[in-house]
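Protein chains in written order, with our numbering: chain A, 12 to 516; chain B, 12 to 516.
Here is the structure:
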């Protein structure tokens, strides 16, 4: 090949045999990573700025050998990696890699097409339409969300983009009706447990900050959004001359996997002409199991529904599935059709052009990995994968419940447990600090990584089971680390109290 | 491993040795793809709906073997693929894969982290900061755009997202000054050659359609935006009480790679308090060569500059680099900080949290591939890669110029040629139709894929050299196909004219 490297041995821009040779080397590198993944601290322990000390200030003039780069990945990059695929990863929510997902990413990067229009790569669009129908069927979504209805599915990068395109579509549909100068009257409804991406979507789409309703939820209803509270807020806004625009409900909130009552909320939304968006980013995956499908009851009222296959369904990041009731709403808001993209197929209106369903123009061939995940694991494999994590989380819950020093904060629904260490002598003023320290201590151990939230003003620990390699023994180790660190901390606290009380005598 | 598959041989969710085995299989599959890539028609020849006929209606219940999936990729998916990496691909703009980029994607999919905050994977953030400084230096960007200045770089998915975040930052900065009820007064300036993503960003950010100025360009100035035209438009808007907000200039427009006069435009923008965004999605890559750097003169006036390393810089899609003069403008518009993401490092304000520089929350480890591309090819390799394509485009230009039946429409600047076939007897009324038919004919040959545009009302063919495997012989084949199809078409036209004129006699 003419091009980058004229001397033998140096890497060419593209060449099938060099790709084969170096590709095999990289497969071994990645396989070895998984083989040794438990040797790394789960949460990276580096200090800010660590990498600048280790890398040169500018790109090399001459090409460097792959082995040097791989050596640097091992010795310099990996120490700064937080290992989301480690079996000891329990923070935030999972973001699954899998063998099938990895292979799908390889293939997608291999063909490296850009599927903005049908014509730019027909298979990319058609496979996406088909696999989102497959996934919709696994989730028992109503027919209206299938491509054969008026709606259809599309892969977005993230749930943030999904809610943004839903909001923009809802906004434009409403402004068309009420006039574009009414922007300042549009009101968006969500709960205090709704993901921050709703807030961000409002910022981007220009919803006035004072028109974003963050409705309060209660621990007594397990942090689910109350239909009464929603109704009251809508009534008040309507009375004030404002225009209710969109409601975002959630199944499986980020803090505690709360499930909003979709059916009741959806009926209120519908009767008020509000766009009803459901965020199932995390818990959507669980709904492929019949025993969890009940949580999705009410989705038939939705205008849009999103779940992240890249969280808990073995599909490498990014792969957020969005279904809409009426695809024309998206297309009306998001389509552009410059001359340089015009083509017969689009003109004949017989094809899907996904560029008009999303923010960007370009898009990767992401359906490949989702298709491979569904085929290589099957419905059966995916369901047993979810159930396994849920049973591991249940095991962890039982362990916590057996230790009276700890408290479970809200009943476990899926594979996340919210819990905390109780302070000595039930001194609530010490509790947040104690749990902050416990979080620091277990995360510094390198053996596990958990995160936190605040519920009803209390600082709470979150342990979300969901990494593909997590087994019973890892749960037991995590619990052991938690108990040990708790013991040490409580001892220090008791000494501290004793010193203070001695001092005060 | 407990999990998906209990029987030996079936694919596990994750397992280092299975990943190794199947990964090697996939590497061979991808290498074989490149080995045989010239056997495929470059532009897929399938009909809409072809894939639905070939795939089942729903996901399989039981897991299927990898070999079955790969067989289906070969026999069913590939016929619907438009092969962007084929040496005969000359449509739109290139979207490079490379060995280094492919390896980077593998590694990124392997570790599969989500780098929203520094803490969620410090290396992902820090490597991105470092490699965007590296790339800024290759492009000789002013110091203000480096992370050590007030600005910095960030990898966006696409140039569409880059211009959207710039617009939202500009909008919010302005509304803060003039009051949020002035939304209807904000005006955005671009040229009739500006990419449609500017228009789409305006739709999403809520700019009023009547306030989007699409300024006319002329063939006499090679479709560059005229500073006089811009000044006049601004004056008129200011006189009407409107508020100039943002100007998008382009180096290397999509239709014809026109280059706007950045310095003159930038000074006008600056003196009017307008956010100056530069879209160098395509031609930005060429500016790493000193002989093309002049086109970037004036970037020192910009508030934001974007180039797509995934187009013409050997970095697999997606990797759009955006630099901003003042990172705080992005952060003020796009940040959210919910409790569940709070952490010491962010609180201490000593780290970059890239979630606040972009639309989505989650993000892939895209800096890995850009880093690998820069190291494995070096500045030298990247420059010679660009120069090779430009010399191939020059060769093609010379071939076209030698054939008097064809016309070059606008002087070639980079590796795109805009040209057309002249009609028999210079009958302009036939010209568009003839070139449309020529486009269809060459694209149906399977040997090449070119696209089109319209310039000054004329239908024009675009041939953009830029695929990593394209060599001189492919250019010669493309020209041969074009000549042959032109001969056939012209013959048919002449016969047609003869029949018509005979008929009318």
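Positions of the beta carbon are idealized from the N, C-alpha and C atoms, including for glycine.
The beta carbon of residue 357 (chain A) does not come within 8 Å of any beta carbon belonging to chain B, so the residue lies off that interface. About 6 Å separates the beta carbon of residue 374 (chain A) from that of residue 365 (chain A), a gap short enough to meet the 8 Å contact definition.
Residue 51 (chain B) carries a coil assignment under DSSP once its states are collapsed to helix, strand and coil. In this chain, the beta strand (DSSP E) harbouring residue 288 (chain B) covers 286-290. Annotated three-state conformation of residue 129 (chain A) is coil, per DSSP. For residue 163 (chain A), the uninterrupted beta strand (DSSP E) run begins and ends at 163-167, by DSSP. Between residue 453 (chain A) and chain B, the shortest Cβ-Cβ separation is not below 8 Å. A distance of 8 Å or more separates the beta carbons of residue 95 (chain B) and residue 166 (chain A). Spatial neighbours of residue 432 (chain A) in its own chain (CB-CB distance under 7 Å, excluding positions within 5 residues in sequence) are listed in chain order as 416, 417, 445, 446, 449 and 497. Distance between residue 321 (chain A) and residue 443 (chain A), taken at the CA atoms: about 32 Å. Look at the beta carbons and you see the segment 128-147 of chain B touching the segment 376-393 of chain B: at least three pairs across the two are nearer than 8 Å.
Taking each of A:506, A:483, A:475 and A:503 in turn and checking the Cα distance to residue 101 (chain A), the smallest one comes out for A:475.
Residue contact with chain B for residue 446 (chain A): absent (no Cβ-Cβ distance below 8 Å to any residue of chain B).
When C-alpha distances from residue 27 (chain B) are compared across A:48, A:181 and A:75, the shortest belongs to A:48. In the DSSP assignment, residue 265 (chain B) falls outside any beta strand (DSSP E) and carries neither an H nor an E.
Residue 315 (chain A): member of the beta strand (DSSP E) spanning 315-319, first to last residue. Between residue 485 (chain B) and residue 99 (chain B) a beta carbon distance of about 6 Å is seen, short of the 8 Å cut, so the two are scored as contacting. Within 10 angstroms of the beta-carbon of residue 284 (chain A) lie fewer than 16 other beta-carbons, which makes it exposed. Boundaries of the beta strand (DSSP E) harbouring residue 463 (chain A): 462-466, taken from the DSSP string.
Neighbours of residue 386 (chain B) in chain A, taken as residues whose beta carbon is under 8 Å from its own, are 70, 71, 74, 75, 79 and 80 in chain order.
Only residues of its own chain outside the window of five on either side were considered, and among them 287, 309, 312 and 313 have a CB closer than 7 Å to the CB of residue 277 (chain B), listed in chain order. One finds nothing in chain B with a Cβ atom closer than 9 Å to the Cβ of residue 234 (chain A); even the nearest lies about 13 Å away. At least one C-beta of chain B is nearer than 8 Å to the C-beta of residue 148 (chain A). Taking C-beta separations shorter than 8 Å and ignoring five residues to either side along the sequence, the partners of residue 436 (chain A) in its chain run 508, following chain order. With fewer than 16 other beta carbons inside 10 angstroms of its own, residue 499 (chain A) counts as exposed. For residue 132 (chain B), the nearest beta carbon of chain A is closer than 8 Å to its own beta carbon.
Excluding residues up to 5 positions away in sequence, 262 and 318 lie with their Cβ nearer than 6 Å to the Cβ of residue 291 (chain B) in the same chain.
At a C-beta separation below 8 Å, residue 191 (chain B) has these neighbours in chain A: 195 and 219. When A:256, A:279, A:37 and A:270 are compared, the shortest CA-CA separation from residue 180 (chain A) is found for A:256. Our two residues, residue 506 (chain A) and residue 452 (chain A), have alpha carbons roughly 18 Å apart in a direct line.
Check the Cα spacing between residue 362 (chain A) and each of B:58, B:397 and B:41: the tightest is with B:58. Among the residues of chain A, none has a CB under 8 Å from the CB of residue 365 (chain B); the nearest is roughly 13 Å distant. Secondary-structure assignment with DSSP links residue 334 (chain B) through a beta bridge to B:164 and B:316. When the alpha-carbon of residue 54 (chain B) is set against those of A:190, A:92, A:132 and A:359, the nearest one is in A:132.
In the three-state DSSP reduction, residue 75 (chain B) falls in the coil class, being neither helix nor strand. For a cut-off of 8 Å, the C-beta gap from residue 341 (chain A) to residue 176 (chain A) is around 6 Å, short enough to register as a contact.
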